[in-house]
Amino acid sequence: MTAIAIRPERGGDAPAIFALTEAAFRDMPHADGDEQQLVGQLRAEGDLALSLVAEDATRIVGHAAFSPVTISDGSEGWFGLGPVSVWPELQRQGIGSALIKRGIADLRESGGRGIVLVGDPAYYARFGFECDPALRYDGAEPRYFQRLVLEGDAPRGAVTFAPAFSAARSA
Numbered sequence: 001m002t003a004i005a006i007r008p009e010r011g012g013d014a015p016a017i018f019a020l021t022e023a024a025f026r027d028m029p030h031a032d033g034d035e036q037q038l039v040g041q042l043r044a045e046g047d048l049a050l051s052l053v054a055e056d057a058t059r060i061v062g063h064a065a066f067s068p069v070t071i072s073d074g075s076e077g078w079f080g081l082g083p084v085s086v087w088p089e090l091q092r093q094g095i096g097s098a099l100i101k102r103g104i105a106d107l108r109e110s111g112g113r114g115i116v117l118v119g120d121p122a123y124y125a126r127f128g129f130e131c132d133p134a135l136r137y138d139g140a141e142p143r144y145f146q147r148l149v150l151e152g153d154a155p156r157g158a159v160t161f162a163p164a165f166s167a168a169r170s171a
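Using UniProt numbering, read the sequence shown as starting at 1 and increasing by one per residue.
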């Protein structure tokens, strides 16, 4: 893996994150092509609860976004993971995994109760994510919707991501 440092996003990072996210999702078959706008909208609406960047010696090479979600059973302290972006030429080197692990640790340390995401079950299982039929999200096939409990019991009910996700899906 390229030597990287992971840190929270800070002022001035937004243009680099935009370019990185656009490039990372450009040729992905599952991408909507608006992931970079999604991150910007999450930021503008104050819904980037945790925004981490990975940087090498010269530039930002990865980014992971965590935003609050609402669960119909009233559970609090749950977050959605995504998007996670790495420059295409640096993918499959562990940068995305390092960002996800750091995000999980930071949310656990700050009292987060859990994380949900839409993604490849084979990939996200390594972090402890699993499908749970008691937790639903109408925006994806159930097999791709997963959760990771950080503390307490798993919630039950319907999950709603931050409003930016609905806007991105309807655009």
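Glycine included, every Cβ here is placed at the ideal spot set by N, Cα and C.
Contacts around Ile4, its chain only, beta-carbon distance under 8 Å, and the 5 residues preceding and following it disregarded: In the sequence shown, residue 4 corresponds to position 4, counting from 1. Excluding sequence neighbours, Ile4 sits near Ala54, Glu55, Asp56, Val61, Gly62, Ile95, Ala98.
Inter-residue spacing [alpha-carbon to alpha-carbon] between Asp138 and Val118: Within the sequence shown, numbered from 1, the residue matching residue 138 stands at position 138. Within the sequence shown, numbered from 1, the residue matching residue 118 stands at position 118. Roughly 11 Å between the two C-alpha positions.
Inter-residue Cα distance where the pair is Ser170 and Ala164: The residue labelled residue 170 in the question sits at position 170 within the sequence shown. The residue labelled residue 164 in the question sits at position 164 within the sequence shown. Because Ser170 sits at a pLDDT of 48, beneath the cut-off of 50, its placement in the model cannot be relied upon, and the point is left open.
In DSSP terms, what Pro8 is bridged to: For this step, residue 8 is matched to residue 8 along the sequence shown. Paired residue(s): Leu52.
Opening and closing residue of the beta strand (DSSP E) in which Arg43 lies: Numbered from its first residue, the sequence shown carries residue 43 at position 43. It is not in any beta strand (DSSP E) - Arg43 instead sits in the alpha helix (DSSP H) that spans 35-44.
Pairwise C-alpha distance: Asp153 and Ser72: By one-based count along the sequence shown, residue 72 stands at place 72. By one-based count along the sequence shown, residue 153 stands at place 153. The alpha-carbon atoms of Ser72 and Asp153 are separated by roughly 15 Å.
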